[in-house]
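Visitor: Respectively, the protein sequence lines represent chains X and V.
If you're matching positions, the first sequence starts at 1 in the working numbering and goes up one per residue.
If you're matching positions, the second sequence starts at 1 in the working numbering and goes up one per residue.
There are 2 protein chains.
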Amino acid sequence: MKLYTYGTAPNPRKVAIFLKEKGIDYEAVEVDMMKGEHKTPEFLLKNPSGKLPVLELADGRYLAESIAICRYLEAEYPEPNLFGSDAYELGFIEMRNRQMETELWSQIGQSWVHGPIVAKMGIYRTIPEAKEVSDSNVKKYYERLDREFADNEYVAGDRFTVADITLLTGIDFASTLVGLKPDAALTNLWRWHALMLARESVDDIINANENS
Amino acid sequence: MKLYTYGTAPNPRKVAIFLKEKGIDYEAVEVDMMKGEHKTPEFLLKNPSGKLPVLELADGRYLAESIAICRYLEAEYPEPNLFGSDAYELGFIEMRNRQMETELWSQIGQSWVHGPIVAKMGIYRTIPEAKEVSDSNVKKYYERLDREFADNEYVAGDRFTVADITLLTGIDFASTLVGLKPDAALTNLWRWHALMLARESVDDIINANENS
């Protein structure tokens, strides 16, 4: 199994942590997004959307979209369970994962797209006013998360799930590349963050890069 | 089972079509978003995010996020299968569903948020330049879909799935409320659209409202 990935990009990291949690061996293939290698005709045969990550299965088929890849892996390697067991839990974890995506990641993404690094790439039209709105939304959402973590150890109840991976990679990206690190006063959020960094899977993927 | 819903809002419609496809009886409870009924303290106990739809289970628990509700329903009522059977298909349908969301719905959402109806509500900061960008992205994506439908009968391969419901409700919303109806020249896309409207579930939810 091959995972096409790039440096510290957050979506490939999501899958990398998921693979480590499952204990699955794989080959990582770097695709240099800065050189546009994810937009070449050859790469578009793997993923017509021209995005990372992409998983190449042993039989040569491909899957794109980080959570779709994780869901495939969950079906092939059911333990440890990261998406839920009974019907309600499957729905609840999906709900929490999607809230992290639609309510936080979407706003981090807006701040990234309209921020200085992407502006230098010259691939999107930068709208500073849009960044002001999304920056503010991200900060408000961090405060909501802090209130939620006062009563919940993890994102989806009382155990580690894919929703924690989604939140962690989002916050890590926001902190290191988008200038949106959560305020130190949000102690519940930081307590959860420390719990995440203590995991071997996270240490391998997030800390290894940050210390290199 | 109760579904908290509102008029022709696209996310509740997604779940309504899904319920019809599964042949599940439920009670629809209208929550008047124009009166802010989805933001009352009482409703926030059902869904702290203050969004529709929300499913209330027979035992009084709640689930929010349309696709999370659908995934719960798929686990409780497995037939007809709408999310995939084997591991690869589970991943593939998730991938296609997410592409419809992240590549099309997200842009329709931007055009909606920065468009005239939401501007009148006065709840978001309207950025006309952002709408120009997303309008253009939606039109380009319709053209991509048209090319894809030249070779594929459905969104995720050769059968009807949740990814078709996601695309249909997105295009219906864009056409009726966001001023982004696909061009008549996109004949493959319209061929797929006619195939959707011929389904009883879609006829009950989409056509019933449009003709009322």
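We put the beta carbon where it would ideally sit given N, CA and C, even for glycine.
Report the option in V:W190, V:S111, V:K22, V:F43 whose CA atom is closest to the CA atom of V:E143.
Guide: Translated into positions along the second sequence, residue 143 of chain V becomes position 143. That would be V:W190, whose Cα lies nearest to the Cα of V:E143.
Visitor: At a CB-CB cut-off below 7 Å, which residues of chain X make contact with V:L63?
Guide: Working through the second sequence from its first residue, we reach residue 63 of chain V at position 63. Under the 7 Å cutoff, chain X gives G91, F92, M95.
Visitor: Establish whether the CB of V:Y72 and some CB of chain X are separated by less than 8 Å.
Guide: On the second sequence, residue 72 of chain V is found 72 positions in, with the first residue counted as 1. At least one chain X Cβ lies under 8 Å of V:Y72.
Visitor: Would you say X:I256 faces chain V, with C-beta separation under 8 Å as the test?
Guide: Coverage of chain X is limited to positions 1 through 212, which leaves residue 256 of chain X absent and any answer about it impossible.
Visitor: Which one or two residues does DSSP pair with V:E30 in a beta bridge?
Guide: Sequence index remark: in the second sequence, residue 30 of chain V carries index 30 (1-based). Per DSSP, V:T5.
Visitor: Note down the Cα distance separating V:Y6 from V:F43, rounded to an integer number of angstroms.
Guide: Working through the second sequence from its first residue, we reach residue 6 of chain V at position 6. Working through the second sequence from its first residue, we reach residue 43 of chain V at position 43. Computed Cα separation, rounded: 13 Å.
Visitor: Give the DSSP bridge partners of V:E56, in chain order.
Guide: The residue you call residue 56 of chain V lines up with position 56 of the second sequence. Bridge partners of V:E56: V:K2, V:Y62.
Visitor: If you measure from the beta carbon of V:G157 to each beta carbon in chain X, is any gap under 8 Å?
Guide: For this step, residue 157 of chain V is matched to residue 157 along the second sequence. Chain X, which has no Cβ nearer than 8 Å to the Cβ of V:G157, makes this no.
Visitor: Can you tell me whether X:E21 is buried or exposed? The criterion is at least 16 other CB atoms within 10 Å of its CB, across all chains shown.
Guide: For the purposes of this step, residue 21 of chain X is taken as residue 21 along the first sequence, with counting starting at 1. Buried is the call here.
Visitor: In chain order, what are the residue ranges of uninterrupted alpha helix (DSSP H) at least 4 long that sit wholly in the segment 111 to 196 of chain X?
Guide: Segments of the alpha helix (DSSP H) lying fully in the segment 111 to 196 of chain X: 116 to 121, 128 to 149, 162 to 177.
Visitor: Going straight from the alpha carbon of X:I93 to that of X:V162, what length do you get?
Guide: The residue labelled residue 93 of chain X in the question sits at position 93 within the first sequence. The residue labelled residue 162 of chain X in the question sits at position 162 within the first sequence. Roughly 8 Å between the two C-alpha positions.
Visitor: So the alpha helix (DSSP H) V:L19 belongs to, where does it begin and stop?
Guide: Counting from 1 along the second sequence, the entry for residue 19 of chain V is found at position 19. Here the alpha helix (DSSP H) through V:L19 covers 10 to 22.
Visitor: Tell me the DSSP secondary structure of V:N207 in three-state form.
Guide: In the second sequence, residue 207 of chain V corresponds to position 207, counting from 1. V:N207: helix per DSSP, three-state reduction.
Visitor: Measuring only the C-alpha atoms, how far is V:D203 from X:S111?
Guide: Position 203 of the second sequence holds residue 203 of chain V. Position 111 of the first sequence holds residue 111 of chain X. Roughly 40 Å separates the two Cα atoms.
Visitor: Rounding to the nearest angstrom, what Cα-Cα distance links X:R213 and X:K35 in this structure?
Guide: No statement about residue 213 of chain X is possible, as the shown extent of chain X runs from 1 to 212 and does not include it.
Visitor: Output, in chain order, the set of chain X residues within a Cβ distance shorter than 7 Å of V:V133.
Guide: If you number the second sequence from 1, residue 133 of chain V lands on position 133. Within chain X, the residues near V:V133 are R125.
Visitor: Closest Cβ-Cβ distance between V:E245 and chain X: below 8 Å?
Guide: Lying outside 1 to 212, the shown extent of chain V, residue 245 of chain V is not represented and no answer is given.
Visitor: How many Å lie between X:K120 and X:D158 at the Cα?
Guide: As a position in the first sequence, residue 120 of chain X is number 120, starting the count at 1. As a position in the first sequence, residue 158 of chain X is number 158, starting the count at 1. Those two C-alpha atoms are separated by around 42 Å.
Visitor: Kindly indicate which residue of X:S85, X:E153, X:A64 has the alpha-carbon position closest to the one of X:W192.
Guide: Translated into positions along the first sequence, residue 192 of chain X becomes position 192. Closest by alpha carbon: X:E153.
Visitor: V:A130 and X:I127: beta carbons closer than 8 Å?
Guide: Within the second sequence, numbered from 1, the residue matching residue 130 of chain V stands at position 130. Within the first sequence, numbered from 1, the residue matching residue 127 of chain X stands at position 127. Cβ atoms of V:A130 and X:I127: closer than 8 Å.
Visitor: If you measure from the beta carbon of X:Q99 to each beta carbon in chain V, is any gap under 8 Å?
Guide: Taking the first sequence and counting its residues from 1, the one referred to as residue 99 of chain X is at position 99. Closer than 8 Å to some Cβ of chain V, the Cβ of X:Q99 qualifies, so yes.
Visitor: How many angstroms separate the CA atom of X:A156 from the CA atom of X:L195?
Guide: As a first step, residue 156 of chain X must be located in the first sequence, where it is residue number 156. As a first step, residue 195 of chain X must be located in the first sequence, where it is residue number 195. Each residue's alpha carbon lies about 14 Å from the other.
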